[in-house]
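Peer 1: In terms of our numbering, the sequence shown opens at residue 21 and continues consecutively.
Here's a structure for you.
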Amino acid sequence: MMICGMCRAAARIMVEKDVPGGPVVDDEGNLLGVLTEDDIMWKGAGSPMEHYLVPPVYIGAFDLFFFLQDNVAVQDELRKVLAKRVEDAMTTNCVSIVANASMADVRTT
């Protein structure tokens, strides 16, 4: 899948190929991330924390807002929920190795 693609087209490819996800690469074939079903589908089962967007907790006083938790997780989840492009929905903290890597190489990666 290319980074410039749309989530709908990527989902169609995953259904046609019967795969749960795939690598996202740039024009030179460098790995940028992975797009999976979980990245593009809203979960409808499991605990509420798995399928509800929980708003940040804050206190407002004198026209100021003090957030009581890290807002980054909320922003990341909201970005994925609203994503239309692959680059907005993909998981980016990936580690890759060559296909013929030994188990020792995998362990040190």
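Glycine included, every Cβ here is placed at the ideal spot set by N, Cα and C.
(1) How is Ile-79 classed by DSSP in three states: helix, strand or coil?
(2) State the start and end residues of the unbroken alpha helix (DSSP H) segment that holds Val-115.
(3) In the DSSP output, what is Thr-56 paired with across the bridge?
(4) Check Met-123 in the structure and name its three-state DSSP category.
(5) Since Glu-48 is in the alpha helix (DSSP H), which residue starts that stretch and which ends it?
(6) Is the number of C-beta pairs between the stretch 98-117 and the stretch 46-57 that are closer than 8 Å three or more?
Peer 2: The answer reads as follows:
(1) Secondary structure of Ile-79 (DSSP, three-state): strand.
(2) Segment: none, Val-115 is in no alpha helix (DSSP H) and carries neither H nor E.
(3) Gly-41
(4) helix
(5) Neither: Glu-48 is in no alpha helix (DSSP H) and is coded neither H nor E.
(6) yes
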